[in-house]
Amino acid sequence: MAQLVYSSKINKIRSFALILIFVGFGFMYGGILTKQIEWLMWILYAVGLLFIAFSCLVYLWIGTLSTRAVPIICPSCEKPTKMLGRVDACMHCKQPLTLDKELEGKEFDEKYNKRSYIKASAKNLNDKN
Ligand SMILES: [Zn+2]
0 MAQLVYSSKI
10 NKIRSFALIL
20 IFVGFGFMYG
30 GILTKQIEWL
40 MWILYAVGLL
50 FIAFSCLVYL
60 WIGTLSTRAV
70 PIICPSCEKP
80 TKMLGRVDAC
90 MHCKQPLTLD
100 KELEGKEFDE
110 KYNKRSYIKA
120 SAKNLNDKN
């Protein structure tokens with residue numbers, strides 16, 4: 000099994016938006032190929048445009064996310080990076096990062112960002128008290 004490489008969330012969303020653009024262009028290219036069948040061409044163009052419009056929305060969303068992200072200096076490569084949520088990875092060296100002292104030293108896991116996990120750990124704390 001391939002080892003999972005954790006990339007920074009912002010980078011992940013950015014590549015997702017890029018893929019959407021390619022898919023959009025793919026559909027539009029399909030539209031060019033099927034221009035003999037007019038209705039199919041317009042449908043493919045419309046779908047392609049939708050994908051590109053959606054990708055623009057994702058780019059806008061990244062913009063707002065970036066302003067909320069916490070800028071930090073990566074302890075491992077000493078470059079400035081941004082992190083989202085409780086755990087994230089460095090944009091440059093993929094070093095797992097956390098803002099939560101409780102999670103320091105623990106193995107990096109995306110589940111720490113999930114609402115269900117945060118709830119469950121809060122419940123465990125309450126049960127102990
Ligand atoms: Zn780094």
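Numbering that gives the first Met the number 0 puts the sequence shown at residues 0 to 128. Note that the Cβ used here is the ideal one computed from N, Cα and C, for glycine as well. This one's a predicted model, so the numbers in the text were calculated from it and none came from an experiment.
Inset, instruction - At 4 residues or longer, and completely inside the stretch 3-71: list those alpha helix (DSSP H) runs for me, N to C. - result: Within the stretch 3-71, the complete alpha helix (DSSP H) runs of at least 4 residues are 8-32 and 37-67.
Legend entry - Beta carbon of residue 64 nearer than 8 Å to that of residue 86: No, they are not a contact pair.
Legend entry - Nearest-angstrom beta carbon gap, residue 7 and residue 89 [assumed within contact, 8 Å]: Approximately 7 Å separates the beta-carbon atoms of residue 89 and residue 7; this is inside 8 Å, confirming the contact.
Legend entry - DSSP beta-bridge partners of residue 87: Residue 87 is bridged to 96.
Legend entry - Whole-Å CB distance - residue 62 paired with residue 44, under 8 Å assumed: Between residue 44 and residue 62 the Cβ distance is about 27 Å, and since that is not below 8 Å, they are no contact.
Inset, instruction - Would you be able to state if there are at least three C-beta pairs under 8 Å between the stretch 63-81 and the stretch 33-53? - result: The stretch 33-53 is not in contact with the stretch 63-81.
Inset, instruction - Leaving aside the five residues before and after residue 40 along the sequence, list all residues of the same chain whose C-beta is less than 7 Å from its C-beta, in chain order. - result: Same-chain partners within the cutoff: 30, 33 and 34.
Legend entry - Per-residue burial, residue 96 [other beta carbons within 10 Å of its own, 16 or more giving buried]: Its Cβ being crowded by 16 or more others within 10 Å, residue 96 is buried.
Inset, instruction - Measure the alpha-carbon distance for residue 66 versus residue 80 and round it to whole angstroms. - result: Rounded to whole angstroms, residue 66 to residue 80 spans 12 Å at the Cα level.
Legend entry - Residue environment, residue 28, which counts as buried when at least 16 other CB atoms sit within 10 Å: Under a 10 Å Cβ-count criterion, residue 28 is classified as exposed, with fewer than 16 other Cβ atoms of the shown protein chains found around its own Cβ.
Legend entry - Closer than 7 Å: residue 97 CB and nearest ligand 1 heavy atom: Between ligand 1 and residue 97, a heavy atom-to-CB distance of less than 7 Å is absent.
Inset, instruction - May I ask whether a heavy atom of ligand 1 can be found less than 7 Å away from the beta carbon of residue 7? - result: Residue 7 Cβ: outside cutoff for every heavy atom of ligand 1.
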